[in-house]
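In order, the protein sequence lines correspond to chains A and B. Residue 149 in the working numbering is what sits at position 149 of the first sequence, and the numbering runs on without skipping anything. In the working numbering, each residue carries its 1-based index in the second sequence increased by 1000. Below: the structure, in structure tokens.
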Amino acid sequence: MHPAYSVILFTTASGAGYGLLALLGLTGASHGAASSSAFGATSMVLALGLITAGLLSSTFHLGHPERAWRAFSQWRTSWLSREGVAAVITYVPACIFGLLWVFGGNETLIAIAGYLTALMAMITVFTTAMIYASLPTMRQWRHFMAVPVYILFALATGAVLLFALAALFGRSGIPALGVITIVGLGLAGLAKIVYWAGIDRMKPKYTMGDATGLGGTVRQWEVPHTSENFVQREMGFRVARKHAAKLRMICLALLAASLLAVWAAFSMGGALAPVLAVAAAVLTAVAVVTERWLFFAQAKHVVMLFYGEQAV
Amino acid sequence: MTTLPDTSKPGQKKLGLVIDLDTCVGCQACATSCKEWNTQGYSAPLTDIDPYGPDPVGAWLNRIHGYEAGEGENRRALHFPRSCLHCETPACVTVCPTGASYKRAEDGIVLVNPDTCIGCKLCSWACPYGAREYDADDGVMKKCTLCVDRIYNENLEPEDRKPACVRACPTGARHFGDLGDPNSDVSQLVAERGGFDLLPQMDYKPVNKYLPPRPRRSDANPVPAAKLETVGKADGSVTERFFSWLDKALS
Chain A
1 MHPAYSVILF TTASGAGYGL LALLGLTGAS HGAASSSAFG ATSMVLALGL ITAGLLSSTF
61 HLGHPERAWR AFSQWRTSWL SREGVAAVIT YVPACIFGLL WVFGGNETLI AIAGYLTALM
121 AMITVFTTAM IYASLPTMRQ WRHFMAVPVY ILFALATGAV LLFALAALFG RSGIPALGVI
181 TIVGLGLAGL AKIVYWAGID RMKPKYTMGD ATGLGGTVRQ WEVPHTSENF VQREMGFRVA
241 RKHAAKLRMI CLALLAASLL AVWAAFSMGG ALAPVLAVAA AVLTAVAVVT ERWLFFAQAK
301 HVVMLFYGEQ AV
Chain B
1001 MTTLPDTSKP GQKKLGLVID LDTCVGCQAC ATSCKEWNTQ GYSAPLTDID PYGPDPVGAW
1061 LNRIHGYEAG EGENRRALHF PRSCLHCETP ACVTVCPTGA SYKRAEDGIV LVNPDTCIGC
1121 KLCSWACPYG AREYDADDGV MKKCTLCVDR IYNENLEPED RKPACVRACP TGARHFGDLG
1181 DPNSDVSQLV AERGGFDLLP QMDYKPVNKY LPPRPRRSDA NPVPAAKLET VGKADGSVTE
1241 RFFSWLDKAL S
């Protein structure tokens, strides 16, 4: 599949935003109002800013962005529509939570709004993942780890952002946050390893004989058009597959480096902690973009059986 | 609405095409007449970008592949037209977030409403048959309409109320009709010739059917090549031997 930059930017940026939002909701639910309104406001603006920027970038690849509002209507059958609805609904508890948490409100109300915000943020990430995982045309996206990977990467990137923010406000030593960030990064990396091992072991499900109904060995001797058409450009992307093994190692190495930087910042503290924590956030961002890019580039679409692929 | 209509009731009309892979000659008449009709019809325009340049790209609703298939003496090259199969359970419809993509309850035709399509391309990802092509200039998805603007069009002569591709086919390899009616000509043809579905394992339940190439005839009794070479009767007579000698001398 062709990895559209707007879709990669959307799934990674809004994923990180929703991860951060969920963790802020849980923080508020367990600790009451934000430790300082400056910290609260900065982190809420970052979370909602990333989410909004991601959602806006997802409309850039539309042929008619001005009609995007219509996408809220078909939630009965369409995961893309459900995602749109979930994304908009999440703003309601998130804004209420943000106001209560930053400006100091009733603890029970903060807890209710915090839990609701965390729940809606995770539901939204789940619906994003289901857009891909529900398509029968790509076995790599049907893998049972596809959805958990989206959720774990959202939480891990959100946790690194929260850790970096805390470190910038001089609070790199919060035990719960340090543990959640390190465990989150580790789990995200492990989940991705399981996913990659899984799709490498998968056997092709359909052959060119199945697609054409002609059975046996089928060979294409003539393509229908002299230059690539939309179907080949969108579904036939194969440029990066040859670099897949290297890119996977780069992604895992970046996650490992980020994990070490968080651990160092957490255990040493001091003036270097904010630098290390921000570096960890940058490394994780590059890792998640690489991971998402591979998610698209390595998905093989069934339609390519009509264009000479022998088995998919 | 992207919720699919109930097509399970008996007598449900299922309009579609039956394509004969035995007689298709790959002349592209169906593809070009489709393009010509639909660039001014329901799906208009079907844009071509850089049509005379080095890298043309454009939306076409019908593509003709060339494949080689079969075993032994039945292995042969054949032409394979590919367009929307108007599936009974099309994921391209259910994934659509806006309801622009829909399946008609009255005849099963799958259409895109060009006024509400947002051009997200998700339907093209959901289709295993590559039936949908994005028109980058128009910003919406294009697909076969089964010439919905011809088949019911009373301004056309009755013989023209067929999809443009069917009307154009010079070898009669394309048939149009109601595949929901077991007594229709197309259903009879499918039963008689062993018509098949593409990728039935994926359970999209295509309405369009393909007819397989006929096996090579074994009862044709070809004249042995040797006989054509014999001049007169091989009876050993002087005349026969003379002509044999003459034949060799001249060869």
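All C-beta atoms, glycine included, are put in the ideal place defined by N, C-alpha and C. On a predicted model such as this, the values are computed, not experimentally measured, just so you know.
Beta-bridge partners assigned by DSSP to residue 1065/B: 1080/B. Excluding residues up to 5 positions away in sequence, 6, 7, 10 lie with their Cβ nearer than 7 Å to the Cβ of residue 58/A in the same chain. Taking the C-beta atoms as reference points, residue 28/A is found no nearer than 8 Å to residue 157/A.
With a cutoff of 8 Å on beta-carbon distance, residue 1093/B and residue 1114/B are scored as not near each other. Rounded to whole angstroms, the gap between the alpha carbons of residue 64/A and residue 1045/B is 16 Å. Shown here, residue 58/A sits in a helix according to DSSP, grouped into three states. Annotation: the region 1001-1069 of chain B contains the following complete segments of the alpha helix (DSSP H) (minimum length 4 residues), in chain order: 1029-1038. Non-local C-beta neighbours of residue 1207/B in its own chain, meaning closer than 7 Å and more than five positions away in sequence, comprise 1014, 1016, 1085, 1086, 1087, 1088, 1108, 1179, ordered along the chain. Residues are counted here when their Cβ sits less than 8 Å from a Cβ of chain B; for the region 229-250 of chain A these are 229, 230, 231, 233, 234, 235, given in chain order. Identification of chain B residues near residue 274/A by a Cβ-Cβ cut-off of 9 Å yields none; the smallest Cβ-Cβ distance measures about 40 Å.
In the three-state scheme derived from DSSP, where H, G and I count as helix and E and B as strand, residue 1112/B is classed as strand. The beta-carbon separation of residue 162/A and residue 73/A, rounded to 35 Å, does not stay under the 8 Å limit for a contact. Boundaries of the beta strand (DSSP E) around residue 1178/B: 1174-1178. Contact with chain B is found for residue 211/A, since one of that chain's Cβ atoms lies less than 8 Å from the residue's Cβ.
Residue-level contact by beta carbon holds for residue 1196/B and chain A, with a gap shorter than 8 Å. Between the region 293-311 of chain A and the region 216-232 of chain A there are three or more inter-stretch CB-CB distances shorter than 8 Å, so the stretches are counted as touching. Secondary structure at residue 160/A: helix, using DSSP grouped into helix, strand and coil.
Taking all protein chains shown into account, residue 208/A has 16 or more neighbouring C-beta atoms within 10 Å of its C-beta and is therefore buried. For residue 183/A, no CB of chain B lies under 8 Å from its own CB, so it is not counted at the interface with that chain.
Within the region 277-303 of chain A, those residues whose Cβ lies closer than 7 Å to any Cβ of chain B are, in chain order, 302, 303. Looking only at 1215/B, 1239/B, 1243/B, 1184/B, the smallest Cα-Cα distance to residue 1011/B is reached by 1184/B. Look at residue 1121/B: its C-beta is under 8 Å from a C-beta on chain A. Taking CB atoms only, residue 1065/B has a neighbour in chain A less than 8 Å away.
For a Cβ distance threshold of 7 Å, residue set 1065, 1082, 1130 of chain B lies close to residue 306/A, ordered along the chain. Where residue 267/A is concerned, there is no enclosing beta strand (DSSP E), although the alpha helix (DSSP H) around it starts and stops at 244-268. A residue is called buried when at least 16 other Cβ atoms come within 10 angstroms of its Cβ; residue 172/A meets this threshold and is buried.
The criterion of a C-beta distance shorter than 8 Å is not satisfied by residue 20/A and residue 55/A.
Residue 136/A belongs to the set of residues whose beta carbon lies under 8 Å from a beta carbon in chain B.
Of all alpha-carbon atoms in 167/A, 258/A, 135/A, 22/A, the one lying nearest the alpha-carbon of residue 114/A is that of 22/A. Using a CB distance cut-off of 8 Å, residue 1105/B does not count as an interface residue toward chain A. Note: residue 1135/B is bridge-paired with 1140/B in the DSSP secondary-structure output.
Taking 8 Å as the CB threshold, residue 214/A lines the interface with chain B.
Boundaries of the beta strand (DSSP E) around residue 222/A: 219-222. For residue 1055/B, the neighbours in chain A by C-beta distance under 7 Å run, in chain order, 227. Note on residue 1155/B: under 16 other CB atoms within 10 angstroms of its CB, so exposed under the neighbour-count rule. In the three-state DSSP reduction, residue 271/A falls in the coil class, being neither helix nor strand.
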